[in-house]
Amino acid sequence: MHFALSARMGNLRVSSKAPVAQTLSSKQNGIAGVAPRLCTTALATQRRATAAVVEVECADGRRGGKLKTRKAAAKRFNVTGSGKVTVRRAGKNHFQEKKSSKRRNKLSMKQQASDSMLDNIKGCLPYSKVKGGK
Numbered sequence: 229m230h231f232a233l234s235a236r237m238g239n240l241r242v243s244s245k246a247p248v249a250q251t252l253s254s255k256q257n258g259i260a261g262v263a264p265r266l267c268t269t270a271l272a273t274q275r276r277a278t279a280a281v282v283e284v285e286c287a288d289g290r291r292g293g294k295l296k297t298r299k300a301a302a303k304r305f306n307v308t309g310s311g312k313v314t315v316r317r318a319g320k321n322h323f324q325e326k327k328s329s330k331r332r333n334k335l336s337m338k339q340q341a342s343d344s345m346l347d348n349i350k351g352c353l354p355y356s357k358v359k360g361g362k
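Numbering (our numbering), first residue to last: 229 to 362.
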């Protein structure tokens, strides 16, 4: 049967122009002379017999799991080549009308992270080469 979509979505109607098959014989449908398929249980046993055992070893071997980087910290802190951590300065988000242009420009520059922050930064960024702290 031939189906056609009507103007409204989801409604189907049967077109009268399409011919309808009266019988379902194998000769008319073109499936005569097709070899029968193997039984599904026979196929399943053949697949099980040929399945190979695959062992997967982790990239880090037997030493344990990998440490995860805190993505929020990775976006806030930058580690320089010498191991120093740079941070954005506070005070540039709002109330800028009363600040002078010189002060606003200085707030745009990054500053070095304080020593009290370094231990927390090292914990959040385990694979960065942060120097200092404990």
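The beta-carbon is built from N, C-alpha and C at its ideal position, and this holds for glycine as well.
Note that the coordinates shown come from a computational prediction; the quantities given were computed from them, not determined experimentally.
Are the CB atoms of K327 and G319 within a distance shorter than 9 Å? yes
Could you tell me how far apart the beta carbons of A301 and L346 are, in whole angstroms, since I believe they sit closer than 8 Å? Contact flag wrong, Cβ pair sits at about 12 Å.
Between which two residues does the alpha helix (DSSP H) carrying K334 extend? S329 to S336
Can you grab the Cα-Cα spacing for the pair S336 / R316, in whole Å? 8 Å
Can you check which of these residues, H322, K303 and N321, is closest to V313 by C-alpha distance? K303
When G293, V358, R298 and E325 are compared against Q341, the one with the closest alpha-carbon: According to the sequence displayed, residue 341 carries Ala and not Gln. Ranking G293, V358, R298 and E325 by Cα distance to A341 puts V358 first.
Can you say whether I305 is buried or exposed, counting buried as having 16 or more other CB atoms within 10 angstroms of its CB? Per the sequence shown, residue 305 should be read as Phe rather than Ile. With 16 or more other Cβ atoms within 10 Å, it is buried.
Bridge partners for V315 per DSSP, in chain order? Q339
9 Å Cβ cutoff met for Y355 and T297: yes
For I349, which option in G293, E325 and K299 has the closest C-alpha, if you only look at C-alpha atoms? K299
Residue span of the alpha helix (DSSP H) that contains R304, given as start and end: K299 to R304
Whole-number beta carbon distance between R332 and G324, since they are thought to touch under 8 Å: Per the sequence shown, the amino acid found at residue 324 is Gln instead of Gly. About 6 Å separates the two Cβ atoms, so the contact holds.
Excluding sequence positions up to five away, which residues of its chain have a Cβ less than 8 Å from the Cβ of S310? K359
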